[in-house]
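Each residue of the sequence shown is one higher than the one before, starting from 297 at the first, in this note's numbering.
Using N, Cα and C, we set each Cβ at its ideal position, and we do this for glycine too.
Comments concern the structure below.
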Amino acid sequence: MGNLKSEWTPIVKEKYISKVVRRLIEKMDFEKFQKIILFGFSDNMKWIYRIMKENNKDLILCDWREKFIAYDCGGKQLLSILEIKNSSKYQVIVCLEDINEIKDSVRFIIENDLQKLNYVFDNQVPNFPFNYENPYNLIAQKAKQRAKSMISDEQLFDLIQFIDQTSSVEGDVVEFGSLHGGSGAIISEAVDCFSPGKNVYLFDTFKGIPKSKYGLDFHWINSFANNSFSEVKNAFKDMKNVNVIAGDINITYKKIKNNLSFAYIASDTYESGLLLLNYLWPKLNRGGILAVCDYGSFPNCYPLTVIVDLFFEDKKEEIFVYKPAKLGIFILKK
Ligand SMILES: C[S@@+](CC[C@H](N)C(=O)[O-])C[C@H]1O[C@@H](n2cnc3c(N)ncnc32)[C@H](O)[C@@H]1O
Numbered sequence: 297m298g299n300l301k302s303e304w305t306p307i308v309k310e311k312y313i314s315k316v317v318r319r320l321i322e323k324m325d326f327e328k329f330q331k332i333i334l335f336g337f338s339d340n341m342k343w344i345y346r347i348m349k350e351n352n353k354d355l356i357l358c359d360w361r362e363k364f365i366a367y368d369c370g371g372k373q374l375l376s377i378l379e380i381k382n383s384s385k386y387q388v389i390v391c392l393e394d395i396n397e398i399k400d401s402v403r404f405i406i407e408n409d410l411q412k413l414n415y416v417f418d419n420q421v422p423n424f425p426f427n428y429e430n431p432y433n434l435i436a437q438k439a440k441q442r443a444k445s446m447i448s449d450e451q452l453f454d455l456i457q458f459i460d461q462t463s464s465v466e467g468d469v470v471e472f473g474s475l476h477g478g479s480g481a482i483i484s485e486a487v488d489c490f491s492p493g494k495n496v497y498l499f500d501t502f503k504g505i506p507k508s509k510y511g512l513d514f515h516w517i518n519s520f521a522n523n524s525f526s527e528v529k530n531a532f533k534d535m536k537n538v539n540v541i542a543g544d545i546n547i548t549y550k551k552i553k554n555n556l557s558f559a560y561i562a563s564d565t566y567e568s569g570l571l572l573l574n575y576l577w578p579k580l581n582r583g584g585i586l587a588v589c590d591y592g593s594f595p596n597c598y599p600l601t602v603i604v605d606l607f608f609e610d611k612k613e614e615i616f617v618y619k620p621a622k623l624g625i626f627i628l629k630k
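Given below as structure tokens:
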């Protein structure tokens, strides 16, 4: 019956062999090395072992994780890498693709001084931590389920990093200009990961940018009116430390009473920028960060950008500044 079944559904092996398996096999050097070792239990290991077995090449299989020691892989048991001779005559093919697993394995190699072995890694492992590395990718996934953001993943990744950097600084976390709650979700999930329980405040009218008293802001009036307070409030209903506050931020900002560890201005206008810089900066604790999302977003944020420059002109000694390549500014209070 078994035979019949495989006759009915012939498996064309070549179709299933992934590109990473092909790349790793190309790097195996049977001429140069006495032994070739496959490291890191995975589908890649299974495929490489199977293909090499069919070609009468005998390989050693191993892992650094306890749970995979003595594991069966296509009829052969995995050893612990600690049992392998630490020899410069051996080549180790790292069969992993998950960047977190690869980093864990490299850490094990360094900590156990297994550095005489010659390691080969796949060269096409993607490297944007926001998508692939713990805990950033977990924060990103949870936040994206909560609410959408109009800013780029690169900008959201910066937010996560600076919430992390300021996690040991005391003080609340605030965002002005939440729209649908997307960047607020990233901030809140990052706080939950790095400093759980810290108060988070998210401010917006949730019905567009109100009229400003400055002509510099006239082009913003009524922008971003496609959201709603209840939508955003609802997105955070399970997070007790997150407070969503509706209203004109040029009035509601006074609800911020405590000192701050992180302040994020994402409200675009000259009027709110001027008011918030003056109110938030004295409240920011040392080691805290103030960020302006739209610094350098031209032409609409020329006034906001210039007011940020003017505000910090006489504070150069007390700040450390990071300007991401495309947009925004992060200012640390020394
Ligand atoms: C560019 S959007 C924010 C984008 C958001 N941070 C995200 O991740 O998608 C700017 C927001 O600032 C808000 N905003 C601007 N001026 C405001 C004001 N005076 N009062 C309240 N909200 C304001 C707008 O309503 C809008 O939702």
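(1) Rounded to whole angstroms, what's the CA-CA distance from Asn539 to Glu471? Just pull it up for me.
(2) Whose C-alpha, out of Gly473, Gln437, Asn530, is nearest the C-alpha of Cys489?
(3) By Cβ distance below 7 angstroms, which residues in the same chain neighbour Gly493 in space, the five residues on each side in sequence not counted?
(4) How long is the line joining the alpha carbons of Asp468 and Phe558, rounded to whole angstroms?
(5) With distances taken from CA atoms, which of Leu580, Phe364, Ser474 is nearest Lys529?
(6) Taking the beta strand (DSSP E) that Glu471 belongs to, which residues open and close that run?
(7) Just to confirm, does Cys589 get its C-beta within under 7 angstroms of one of the non-hydrogen atoms of ligand 1?
(8) Count the other CB atoms, across all protein chains shown, that sit within 10 Å of the CB of Asp610; report buried if there are 16 or more and exposed otherwise.
(9) Taking the DSSP output, what are the residues bridged to Ser358?
(10) Taking the alpha-carbon of Val317 as reference, which of Arg346, Ile625, Ile603 has the nearest alpha-carbon?
(11) Counting pairs of beta carbons, one from the region 345-359 and one from the region 320-332, are three or more of them closer than 8 angstroms?
(12) Is the closest heavy atom of ligand 1 to the C-beta of Lys599 under 7 angstroms?
(13) Let me check one thing: in DSSP terms, what residues is Phe607 bridge-paired to?
(14) Along the alpha helix (DSSP H) that carries Ala482, what are the first and last residues, could you check?
(15) Please list, in chain order, all residues of the same chain as Val465 whose beta carbon is under 6 angstroms from its beta carbon, the five residues on each side excluded.
(16) Name the two residues that bound the continuous beta strand (DSSP E) containing Phe558.
(17) Which residue or residues does DSSP assign as beta-bridge partners of Phe266?
(18) Can you give the beta carbon distance from Leu410 to Tyr386, rounded, assuming they're within the 8 angstroms contact cut?
(19) Exposed or buried, which one is Ser445 when buried takes at least 16 other CB atoms within 10 Å?
(20) Can you give me the C-alpha to C-alpha distance between Glu429 and Asn396, rounded to a whole angstrom?
(21) Does the beta-carbon of Pro506, which I'm using as the reference point, lie nearer than 7 angstroms to any heavy atom of ligand 1?
(22) Quick one: what's Asn414 bridged to in DSSP?
(23) Are there 16 or more other CB atoms within 10 angstroms of the CB of Asp339, so buried, or fewer, so exposed?
Inspection of the coordinates gives the following:
(1) For the purposes of this step, residue 539 is taken as residue 243 along the sequence shown, with counting starting at 1. For the purposes of this step, residue 471 is taken as residue 175 along the sequence shown, with counting starting at 1. Roughly 10 angstroms between the two C-alpha positions.
(2) Numbered from its first residue, the sequence shown carries residue 489 at position 193. Ranking Gly473, Gln437, Asn530 by Cα distance to Cys489 puts Gln437 first.
(3) Position 197 of the sequence shown, counted from the first residue, corresponds to residue 493. Once the five neighbours on either side are set aside, the close Cβ partners of Gly493 are Asn537.
(4) Here residue 468 is taken as the residue at index 172 of the sequence shown, counted from 1. Here residue 558 is taken as the residue at index 262 of the sequence shown, counted from 1. In a straight line, the C-alpha of Asp468 is about 7 angstroms away from that of Phe558.
(5) Position 233 of the sequence shown, counting from 1, holds the residue named residue 529. That would be Ser474, whose Cα lies nearest to the Cα of Lys529.
(6) The count along the sequence shown starts at 1 and reaches residue 471 at position 175. Looking at the DSSP string, the run of the beta strand (DSSP E) that includes Glu471 is 468-472.
(7) What you label residue 589 is simply residue 293 of the sequence shown in a count that begins at 1. True, at least one ligand heavy atom lies under 7 angstroms from that Cβ.
(8) Translated into positions along the sequence shown, residue 610 becomes position 314. By the neighbour-count rule (16 or more Cβ atoms within 10 Å), Asp610 is not buried but exposed.
(9) Numbered from its first residue, the sequence shown carries residue 358 at position 62. According to the sequence displayed, residue 358 carries Cys and not Ser. DSSP, once it has assigned bridges, lists Phe335, Leu375 as partnering Cys358.
(10) Counting from 1 along the sequence shown, the entry for residue 317 is found at position 21. Closest by alpha carbon: Arg346.
(11) yes
(12) Taking the sequence shown and counting its residues from 1, the one referred to as residue 599 is at position 303. According to the sequence as given, residue 599 is Pro; it is not Lys. Flag unset: Cβ of Pro599 not near ligand 1.
(13) As a first step, residue 607 is located in the sequence shown; it is residue number 311 there, counting from the start. In the DSSP output, where bridge partners are listed per residue, Phe607 has none listed.
(14) The residue you call residue 482 lines up with position 186 of the sequence shown. The question names Ala, yet the displayed sequence has Ile at residue 482. Start and end: 478-490.
(15) Here residue 465 refers to the residue found at position 169 when the sequence shown is read from its first residue. Once the five neighbours on either side are set aside, the close Cβ partners of Val465 are Ser557, Asn581, Gly583, Gly584.
(16) Here residue 558 refers to the residue found at position 262 when the sequence shown is read from its first residue. Element bounds for Phe558: 556-561.
(17) Absent from the model: residue 266. The displayed extent of the chain is 297 to 630, so no value can be given.
(18) Within the sequence shown, residue 410 is the residue found at index 114, counting from 1. Within the sequence shown, residue 386 is the residue found at index 90, counting from 1. Actually they are not in contact, since the Cβ atoms of Leu410 and Tyr386 sit about 10 angstroms apart, beyond 8 angstroms.
(19) The count along the sequence shown starts at 1 and reaches residue 445 at position 149. Looking at its Cβ environment, which holds 16 or more other Cβ atoms inside 10 Å, Ser445 is buried.
(20) Working through the sequence shown from its first residue, we reach residue 429 at position 133. Working through the sequence shown from its first residue, we reach residue 396 at position 100. Cα to Cα, the separation comes out at about 6 angstroms.
(21) Locating residue 506 in the sequence shown gives position 210, counting from the first residue. Remark: the shortest separation between the CB of Pro506 and any heavy atom of ligand 1 falls under 7 angstroms.
(22) One-based indexing of the sequence shown puts residue 414 at position 118. Bridge partners of Asn414: Gln387.
(23) Here residue 339 corresponds to residue number 43 of the sequence shown, with the count starting at 1. Exposed: under 16 other Cβ atoms inside 10 Å.
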